[in-house]
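*Asks:*
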Amino acid sequence: MIAVYAPGSVSNVACGFDCMGFALDEPGDVVVATPQDEPGVAIAAIHGDGGRLTTEPRKNTASAAVLALMRRLKTTRGIALTIHKGLPLASGIGSSGASAVAAVVAANELLGRPAPMDVLLECAMAGEQAGCGAIHPDNVSPSLYGGFILARCAQPPDIVRLPVPNGLACAVLHPRMEVETGAARRLVGDRVGLQDATRQWANVGGLVAALYTSDLALLSRSLVDHIAEPKRAGLVPGLAGVKAAAMAAGALGCSLSGSGPSIFALAPSLDIAQSAGDAMRRAFSAASPIESDLWVCPVGRQGARVVNSQS
Numbered sequence: 029m030i031a032v033y034a035p036g037s038v039s040n041v042a043c044g045f046d047c048m049g050f051a052l053d054e055p056g057d058v059v060v061a062t063p064q065d066e067p068g069v070a071i072a073a074i075h076g077d078g079g080r081l082t083t084e085p086r087k088n089t090a091s092a093a094v095l096a097l098m099r100r101l102k103t104t105r106g107i108a109l110t111i112h113k114g115l116p117l118a119s120g121i122g123s124s125g126a127s128a129v130a131a132v133v134a135a136n137e138l139l140g141r142p143a144p145m146d147v148l149l150e151c152a153m154a155g156e157q158a159g160c161g162a163i164h165p166d167n168v169s170p171s172l173y174g175g176f177i178l179a180r181c182a183q184p185p186d187i188v189r190l191p192v193p194n195g196l197a198c199a200v201l202h203p204r205m206e207v208e209t210g211a212a213r214r215l216v217g218d219r220v221g222l223q224d225a226t227r228q229w230a231n232v233g234g235l236v237a238a239l240y241t242s243d244l245a246l247l248s249r250s251l252v253d254h255i256a257e258p259k260r261a262g263l264v265p266g267l268a269g270v271k272a273a274a275m276a277a278g279a280l281g282c283s284l285s286g287s288g289p290s291i292f293a294l295a296p297s298l299d300i301a302q303s304a305g306d307a308m309r310r311a312f313s314a315a316s317p318i319e320s321d322l323w324v325c326p327v328g329r330q331g332a333r334v335v336n337s338q339s
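First residue of the sequence shown: 29, per the working numbering; consecutive thereafter.
#1: Could you give the C-beta distance for A179 and D166, rounded to a whole number, given that I count them as a contact under 8 Å?
#2: Find out if the Cβ-Cβ distance for the pair R80, L117 is shorter than 8 Å.
#3: Below 8 Å between beta carbons: does that hold for A72 and L109?
#4: How long is the line joining the alpha carbons of I187 and I74, rounded to whole angstroms?
#5: For N194 and L239, I'd like the C-alpha separation in whole angstroms.
#6: Touch check for the region 122-129 and the region 52-59: three-plus C-beta pairs under 8 Å?
#7: Quick one: grab the DSSP three-state call for A332.
#8: Alpha carbons only, please: which of S37, F45, V41, Y33 is nearest the one belonging to D218?
#9: Does DSSP put P203 in a helix, a strand or coil?
#10: State whether the region 170-178 contacts the region 289-304, with contact taken as three or more CB pairs (one from each stretch) at a distance under 8 Å.
#11: CB G342 to CB S303, shorter than 8 Å?
#12: What do you reckon, are the CB atoms on L284 and G36 nearer than 8 Å?
#13: Can you give me the C-alpha to C-alpha distance between E257 and T209, rounded to a whole angstrom?
#14: Counting only runs that start and end within the region 163-218, where is the beta strand (DSSP E) found for 3 or more residues in a row?
#15: Measure the beta-carbon distance from V264 to A301 and round it to whole angstroms, keeping in mind my assumption that it falls under 8 Å.
#16: Nearest CA to the CA of I107: which residue from P63, S124, L196?
#17: Could you have a look at V236 and say whether DSSP puts it in helix, strand or coil?
#18: Leaving out five residues before and five after P203 in sequence, what residues of the same chain have Cβ atoms less than 6 Å from its Cβ?
#19: Smallest Cα separation from G286: which of L138, H164, T82?
#20: Thinking just about the alpha-carbon of each residue, which of T241, C47, R86 is nearest to the one in C160?
#21: Return the residue from the list G328, V216, G269 that minimises the CA-CA distance to G49.
#22: Along the chain, which unbroken stretches of the alpha helix (DSSP H) at least 4 residues long are found entirely within the region 74-140?
#23: Please check the pair G234 and L246, which I expect to be a contact at CB under 8 Å, by giving their CB distance rounded to whole angstroms.
#24: Taking the alpha carbon of V216 as the point to measure from, which residue in G262, A70, L95, A273 has its own alpha carbon closest?
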């Protein structure tokens, strides 16, 4: 039996639409892989999803990722998966990607670790595509590797791991509502004005430079989204007030995580992240009766890892 924890992730990171993300220290998903006599992959149980996720192996992101791995390895071994969801569904913090990553890492460990990390990434992405109909390398990659990543290309994967400045921390406010990713993507459309595109490219370059130089002032100036957030802002009640509250509390920047509804704020320290998170939660509560969750943690330098192993 192998149990693997894979952290949630923040994608887009304001300016890096579909190409940047970072791992959270928490929350995350745990997947337990156990040998079974019957060849193939089965889902033994799913906990924490309210009965909403499918147990059909080819349609669940976790089992579909393991099936992709087994095809790559040309093995017919039997593996049973138990999925423990610590990440809320449709939350914008990489729930499906974390399950796929945890499952494929657990299965690889159970099989004796035959596949390298780049193969695990491809299989996790294949699992997410099978389960969700889309690939999100800016979620899957940080969940697997940890830290900040730049997903320069999804097919084939071209993943650049970026440094994390010392002390960098994050607050994530999760309104207990759901945003359908496809609907949020349609709001963005497929055309971007040249001025907005130029500003966005400049901010992505600024963010990457800031991470390499630990220039937090530059990082703060770069955490602005000119493309997706302006068109998605109406999906989350009180977003402008939440962002203003985070910045007033000392955050470096604040934006939607993925397509939302979760909202993240980066901060130079854990204490400031906590202050920003508390301010965000107060502002959201003042704007909406919807309940919310708050997580405050360092940017997760570690990705998926084994948390329990029994032979």
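Cβ atoms here follow ideal geometry from the backbone N, Cα and C, with glycine treated the same way.
*Replies:* On the basis of the supplied data:
#1: 5 Å
#2: Taking 8 Å as the Cβ cut-off, R80 and L117 qualify as a contacting pair.
#3: yes
#4: 30 Å
#5: If you draw a straight line from the Cα of N194 to the Cα of L239, it comes to about 10 Å.
#6: yes
#7: coil
#8: F45
#9: strand
#10: Fewer than three pairs of CB atoms, one per stretch, sit closer than 8 Å, so the region 170-178 makes no contact with the region 289-304.
#11: A query on residue 342 cannot be resolved here, the shown segment of the chain reaching from 29 to 339 and no further.
#12: The Cβ-Cβ distance between L284 and G36 does not fall below 8 Å.
#13: Within the model, the alpha-carbon separation for E257 versus T209 is close to 13 Å.
#14: 176-181, 186-190, 197-203
#15: So it is not a contact: roughly 20 Å between Cβ atoms.
#16: P63
#17: helix
#18: P289, I318, S320
#19: For the residues L138, H164, T82, the minimum Cα distance to G286 belongs to H164.
#20: R86
#21: G328
#22: The region 74-140 contains these whole alpha helix (DSSP H) runs: 89-101, 123-138.
#23: 6 Å
#24: G262
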